[in-house]
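Using numbering that gives the first Met the number 0, read the sequence shown as starting at 0 and increasing by one per residue. Cβ atoms here follow ideal geometry from the backbone N, Cα and C, with glycine treated the same way.
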Amino acid sequence: MNEKKIEEEKIIRDANINNALGIFILVFGIIIIISSIFTETSIGQMTNLIAGILLGLIGFGMIVKSKKDINKINRVKLYE
Numbered sequence: 000m001n002e003k004k005i006e007e008e009k010i011i012r013d014a015n016i017n018n019a020l021g022i023f024i025l026v027f028g029i030i031i032i033i034s035s036i037f038t039e040t041s042i043g044q045m046t047n048l049i050a051g052i053l054l055g056l057i058g059f060g061m062i063v064k065s066k067k068d069i070n071k072i073n074r075v076k077l078y079e
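Right under this line is the structure:
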């Protein structure tokens, strides 16, 4: 029982870290997308746009995954 609680706390801690990191990466991706407007060359604009979209998707995925992990642990606790 105690080991299970420790494992749940570890999952929640990791999920919170991933959530914060996901928010950072998502915001960074948005900044890169906005910066593509101010890039002079079309190749630079395309590169910044693609990089920003990829970073945004990675950040969004990390946020969604961390929320799912936290909700999963909370549902298990609810039924115990």
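- Spanning the alpha carbons of M61 and S41 requires a straight line of approximately 30 Å.
- Nearest to I24 by alpha-carbon distance, out of K9, G58, I30 and K76, is G58.
- Distances from the CA of G21 to each of E7, F37, K64 and I32 were compared; the closest alpha carbon is that of K64.
- Within 10 angstroms of the beta-carbon of L56 lie fewer than 16 other beta-carbons, which makes it exposed.
- Around the beta-carbon of N73, fewer than 16 other beta-carbon atoms lie within 10 Å, marking it exposed.
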